[in-house]
Amino acid sequence: MKICDLTSPLSIDMPLLVTQVKAGVTNAGAPYLSVTFRDNTATIEGKMWDVKEKYNQLIKAGKVLNVKADVINYRGTLQLKIIDCYEPSEEIDLQQFVLSGPYTKETLKSYIDSEIDKINNQDIFRIVKDIYRQYEDQVYFSAAAAKNHHEYCGGLATHVYSMLHLAEMFCTNYPYLNKDLLLGGILLHDIGKVIELKTSAVTEYTVEGRLLGHISISQTIIKETADKLGINSEAVLLLRHMVLAHHGQYEFGSPVLPMIIEAEALHFIDDVDAKMTMIEKELRQIPPKEFTNRIFALDNRSFYNHGMK
């Protein structure tokens, strides 16, 4: 049985990967644990109300544990009421708990390389080419986030791949966009995530990632690469601006707002791909004629799976 197969009411005893653990205290002063579990189909939240000391030592992010629990419906969302957790007695295949994307590394690399080769501006081309050569292994292995969207091995390249397809349509519909700038911005906007995130069975933030963030890291990589290559044109400034502005709003982490049209387009394309991916991920986990769990990053809305083909 997989998480995607769970229904309520149901009692389970199955291996799950722990991805996050948070300790809390009830209004009555009793300790509890909030635990996020995952397999290679979905994630599910669980609560342990009878927290013995052994569980504080046992339940850690990155571990696969056998979980004995009741599946309940809490405010329209499936949740685990955890009864017990214990070490598996058999060897675990981690591939059963690692999320993967829809494309092979070869597919992603072939398309991304072809888009890099379309960049005519030599300053942008040389910067992008050098950075993708330097970080090639990390680009095709790293996740794009610790949660929400593209949170799996290869997720960063998958996110870029999808955004590049959208950029082709944007440039066809809005021919006044500078395609070289837009492609360069897409290829480099999240490059700092190869340093911000540590991708394994569980994607976690590195110390550098937590202290600096991928936006700051990305624009620094661009500046250092341009300096190394002896490039000091306005294109470097514009690329750095696009990276710094791509979240679109101060409250979403952008230190500056988009002030060139390509930066605005980059923000829209990034936002569309992230949101559509989040919605599709939730829809995939439910049958037709049902509503998804609430998606916190999308105003806490639920989405209806109409099932129409």
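Note that numbering that gives the first Met the number 0 gives residue 77 to position 78 of the sequence shown, counting from 1, and the numbers run on in steps of one.
Ideal Cβ positions, reconstructed from N, Cα and C, are used throughout, including at glycine.
In chain order, Leu237 and His240 place their CB closer than 7 Å to the CB of Ile259, counting only its own chain and leaving out the 5 sequence neighbours on each side.
Within the region 145-199, no beta strand (DSSP E) run of at least 3 residues lies entirely inside it. Using a C-beta cut-off of 8 Å, the region 295-306 makes no contact with the region 195-204, since fewer than three inter-stretch Cβ pairs fall below that distance. Per DSSP, reduced to three states, the secondary structure at Gln19 is strand. Approximately 35 Å separates the beta-carbon atoms of Gln218 and Ala41; this is outside 8 Å, ruling out the contact. A Cβ-Cβ contact shorter than 8 Å links Asp69 with Ser10. Between the region 282-296 and the region 9-26 there are fewer than three C-beta pairs closer than 8 Å, too few to call the two in contact.
Judged by DSSP in its simplified three-state form, Glu203 adopts strand. Following the DSSP letters along the chain, one finds Phe302 in no beta strand (DSSP E), marked with neither H nor E.
Thr6 has its alpha-carbon roughly 31 Å from the corresponding atom of His158. Inter-residue distance for Ala156 and Ile81 is about 36 Å (C-alpha atoms, whole angstroms). Between the region 260-269 and the region 134-143, the count of C-beta pairs closer than 8 Å stays below three; the two stretches do not touch.
Under the 10 Å beta carbon count, Met168 is surrounded by fewer than 16 other beta carbons and is classified as exposed. Only buried fits Gln78, as 16 or more other CB atoms lie within 10 angstroms of its CB. Here the C-alpha atom of Gly247 lies approximately 8 Å from the C-alpha atom of Val255. Counting along the chain, the unbroken beta strand (DSSP E) around Gln78 starts and ends at Thr76 to Tyr85. When beta bridges are read from the DSSP output, Asn65 appears opposite Pro14 and Tyr85.
Distance from the Cα of Ser88 is smallest, within the candidate group Asn65, Thr224 and Lys280, for Asn65.
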